[in-house]
Amino acid sequence: MSMKSFFSPSRVYAVIGATPNEQKFGFKVFNWYLARDLPVIPIHPSATHVLHVPTSQDIALAINRADEEYPNNDGISISFITPPKVTESVLSELEAKNLVNKVKGVWYQPGAYDDEVI
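My numbering applies: residue 41 is where the sequence shown begins, and numbers increase by one.
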């Protein structure tokens, strides 16, 4: 995957592992997208907001939200800031719910993947 396939003018971004904890990398990555005025959805299973942006609890909800809030989007790119088991679970959810075609790019932050994920 190239940077060009991850970033696009009509793309929506999802940060899986976004967190309201300012000390964590998930907060910093999510803030990076916001600082660049990119349309981004934080995904966290229990937090309700990250930096005043409402979270989605899972990737399927985030994709539905992206389609509702950004109807002209050309897909979603996902940044994973999760342990490999969580990353693998999200990828399995995408397949099980037939949403793989909506995903145009993935970015695995260090520690978010292992041989099973790849």
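Ideal Cβ positions, reconstructed from N, Cα and C, are used throughout, including at glycine.
| Item | Value |
| --- | --- |
| In chain order, each alpha helix (DSSP H) run of at least 4 residues that lies wholly inside the segment 123 to 148 | 124 to 136 |
| Pick from Asn-113, Asp-98, Ala-75, Arg-76 that is closest to Phe-120, judged by C-alpha positions | Asp-98 |
| Ile-121 - DSSP class collapsed to helix/strand/coil | coil |
| Buried versus exposed, by CB contacts within 10 Å (16 or more), Ser-117 | buried |
| Beta strand (DSSP E) segments (min. 3 residues) lying fully within the segment 66 to 102 | 80 to 83 |
| Reference Phe-65; option with closest CA among Val-90, Leu-101, Asp-155, Gly-145 | Val-90 |
| Sufficient close CB pairs (3 or more, under 8 Å) joining the segment 105 to 115 to the segment 125 to 139 | no |
| Three CB pairs or more closer than 8 Å across the segment 132 to 152 and the segment 76 to 91 | no |
| Distance CB(Pro-60)-CB(Tyr-110) smaller than 8 Å | no |
| Per DSSP, the bridge partner or partners of Tyr-53 | Val-80, Ser-117 |
| Residue from Gln-63, Lys-142, Phe-70 with nearest C-alpha to Asn-104 | Lys-142 |
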